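Letter 73 of the sequence shown, counting from 1, is numbered 83 in my numbering, and no numbers are missing. In what follows, a single structure is set out as structure tokens and then discussed.
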Amino acid sequence: MKKTILELLNNSHNLIVENWNLKLQQNFGNKLSKLEIDHFVNSSMQSLIEVVSSADYLSTDQYLIDSYNLFSRTNLNLLEVSQIFSSGRFALLSNIDKNEIEKHNPILIIGFLDEIIEQIFARYSMLYQNTQIKEIEYDRDRLAKKLEMNQQYLNTILYKSDTAIAAIDVNEKFISWNHGAEEMFGYSEKEVVGQPSTYLLPNLPKSHDELQYIIHESKIRGEVQIAETKRKTKDGIIIPVKLKVTQVKSQNGTYNGRTMIMQDLSQVKKLQQQVDQSEKLAVIGQLAAGVAHEIGNPLTSISALVQIMQRKNKDEKLAEQLSTIKDNIDRISKIVRELVDFSRPPGEDKELLQINDVVKIAVGIVKYDKRVKNVEFKTNFCHDLPMILAVPDQLLQVYVNILINALDAISGEGKIEVRTYLDDVFICTDIVDDGYGMDADVKSKIFNPFFTTKEVGKGTGLGLSVSYGIIKKMHGKILVKSKKNEGAVFTVKLLP
11 MKKTILELLN NSHNLIVENW NLKLQQNFGN KLSKLEIDHF VNSSMQSLIE VVSSADYLST
71 DQYLIDSYNL FSRTNLNLLE VSQIFSSGRF ALLSNIDKNE IEKHNPILII GFLDEIIEQI
131 FARYSMLYQN TQIKEIEYDR DRLAKKLEMN QQYLNTILYK SDTAIAAIDV NEKFISWNHG
191 AEEMFGYSEK EVVGQPSTYL LPNLPKSHDE LQYIIHESKI RGEVQIAETK RKTKDGIIIP
251 VKLKVTQVKS QNGTYNGRTM IMQDLSQVKK LQQQVDQSEK LAVIGQLAAG VAHEIGNPLT
311 SISALVQIMQ RKNKDEKLAE QLSTIKDNID RISKIVRELV DFSRPPGEDK ELLQINDVVK
371 IAVGIVKYDK RVKNVEFKTN FCHDLPMILA VPDQLLQVYV NILINALDAI SGEGKIEVRT
431 YLDDVFICTD IVDDGYGMDA DVKSKIFNPF FTTKEVGKGT GLGLSVSYGI IKKMHGKILV
491 KSKKNEGAVF TVKLLP
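Now the structure itself:
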């Protein structure tokens with residue numbers, strides 16, 4: 011990680027320096043000379059690289075003293091200095107090579123750099139306060155005014171920070187709750203301040219034991235980091251949280267409470283789940299190709315032999331048995347074909363198509379199904395649709411799969427309506443059925459590979475998954491509206 015970040019910083023060094031330099035000249039050119047800005051920006055980058063390399067914040071002390079002397083000489087206050095550091099953070103994160111950072115773990119890299127910048131500015135803030143206090147000792151009136159001003163700046167920075175920060179006193183009561191914490195948990199400062207430290211704990215095993223561990227360790231060691239724990243939001247949702255707890259001491263050095271920096275890991279978890287799901291699908295694709303190959307060849311031979319026996323056979327009982335065998339062979343063949351479709355890379359032979367023509371062919375194919383005699387088909391086509399560039403067979407497969415799904419959802423008599431229309435920039439196709447519909451749980455899984463609500467032997471769970479993959483690769487969407495016993499509407503949206 012360290013080596014990767016150093017390479018990113020070195021590779022983007024000139025671009026970061028150039029953009030930060032330009033921003034400071036625009037905003038603070040009336041207070042800082044070009045030479046002073048050049049010196050500050052270059053020494054800042056050097057200090058950042060040293061911290062990344064050594065993980066030793068003491069190495070920044072001389073740099074911070076030089077920066078303080080520069081800013082104090084030009085009468086820049088702490089809030090303005092925080093703006094300077096913020097502009098540096100923006101220049102850093104917006105000019106690092108995005109292609110390179112995406113090859114690694116962008117969440118960890120950006121989080122790591124963010125924490126370093128916050129720590130450096132925190133040390134500067136401490137230096138600022140300490141130096142100010144020493145200077146103000148010569149004039150108590152000036153001391154009081156500057157302390158009040160600095161406290162306002164620090165409180166503003168603390169409260170407005172997007173990072174969730176809270177403080178708990180020695181009596182285990184919340185005494186501080188900033189804007190970031192409000193956004194993360196949904197509780198306002200007024201709702202939380204004065205509440206016990208257990209206020210955010212979910213009703214989970216070991217939650218209270220973990221809290222006691224945090225209290226004990228923060229008193230003994232001064233700082234505790236919990237890589238992942240659970241906390242409860244105002245809506246009752248339990249979220250994964252990363253905690254950094256730091257002891258607060260009184261003037262005589264005794265324990266006086268603790269501060270907490272909290273990070274919501276929900277998005278990190280979702281990203282990880284997406285990565286895991288992608289890896290699983292890759293494995294399934296490889297497995298599907300292998301299974302299709304191993305089963306397909308001998309199955310063709312078996313099917314051919316059964317057909318020969320059917321032609322030569324004159325025994326009615328044997329004919330019935332051979333027919334059963336042939337039906338089951340056809341069912342296995344269907345599974346193999348869908349496995350091949352699932353694992354096959356997208357074709358490149360695209361053509362300009364009229365959606366209405368493809369949908370009409372799909373409807374015509376599905377109408378051969380014996381169940382259609384009890385189902386009324388209705389079509390309503392928009393005749394002013396633009397052409398679309400697509401692989402004909404793949405698009406046809408999508409509509410056939412969805413229509414068969416609609417047909418499967420109807421028990422007995424029913425209706426299926428197909429309509430095309432323009433919606434803003436999208437060419438849309440609605441396939442509507444009045445079947446048994448689906449609940450929210452089923453709806454959330456219908457595009458998962460191998461998920462099916464059909465009886466064993468009547469569905470592979472690949473049709474809709476394959477269709478979803480085809481439309482996604484075309485930069486389109488498949489949307490579903492459905493409730494239990496209220497039918498379903500599948501909408502395919504494609505860009506012309």
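Even for Gly, the Cβ is constructed at its ideal location relative to N, Cα and C. Quick caveat, the model's predicted, so the values are computed rather than measured.
Would DSSP call residue i helix, strand or coil?
i	result
residue 14	helix
residue 402	helix
residue 453	helix
residue 243	coil
residue 334	helix
residue 492	strand
residue 461	coil
residue 233	strand
residue 123	helix
residue 310	helix
residue 394	coil
residue 467	For residue 467, the predicted structure reports a pLDDT of 46, less than 50, and the residue's modelled location is therefore unreliable. A value from the coordinates is still provided. It is coil, neither helix nor strand.
residue 171	coil
residue 20	helix
residue 182	coil
residue 487	strand
Is the CB-CB distance between residue i and residue j below 9 Å?
i	j	result
residue 278	residue 269	no
residue 137	residue 75	yes
residue 398	residue 437	yes
residue 492	residue 447	yes
residue 406	residue 372	yes
residue 498	residue 445	yes
residue 183	residue 207	yes
residue 248	residue 212	yes
residue 41	residue 86	yes
residue 29	residue 79	no
residue 427	residue 387	yes
residue 414	residue 473	yes
residue 265	residue 229	yes
residue 253	residue 225	no
residue 130	residue 70	yes
residue 487	residue 480	no
Within the continuous alpha helix (DSSP H) that includes residue i, where are the two ends?
i	result
residue 25	23–38
residue 325	No alpha helix (DSSP H) contains residue 325, which DSSP labels as neither H nor E.
residue 44	44–64
residue 89	88–105
residue 74	71–83
residue 202	199–202
residue 474	473–483
residue 190	189–195
At what residues does the beta strand (DSSP E) containing residue i begin and finish?
i	result
residue 503	498–504
residue 270	265–274
residue 377	Looking at the DSSP string, residue 377 is not in any beta strand (DSSP E), and its letter there is neither H nor E.
residue 388	385–390
residue 361	361–363
residue 251	248–259
I need the straight-line Cα distance from residue i to residue j, nearest angstrom please.
i	j	result
residue 451	residue 158	56 Å
residue 342	residue 312	12 Å
residue 393	residue 368	13 Å
residue 490	residue 328	46 Å
residue 306	residue 409	25 Å
residue 126	residue 83	26 Å
residue 54	residue 503	50 Å
residue 242	residue 210	5 Å
residue 139	residue 91	13 Å
residue 124	residue 99	8 Å
residue 258	residue 103	32 Å
residue 185	residue 174	14 Å
residue 9	residue 24	Outside the modelled stretch of the chain, which goes from 11 to 506, sits residue 9, for which no answer is possible.
residue 449	residue 496	10 Å
residue 199	residue 187	5 Å
residue 237	residue 128	19 Å
residue 96	residue 135	14 Å
residue 275	residue 251	5 Å
residue 475	residue 440	18 Å
Counting only beta-carbon atoms, is residue i nearer than 9 Å to chain B?
i	result
residue 249	The structure shown contains no chain B; it holds only a single protein chain.
Legend entry - Sequence ranges, alpha helix (DSSP H) only - wholly within the segment 399–445, length at least 4: 402–418
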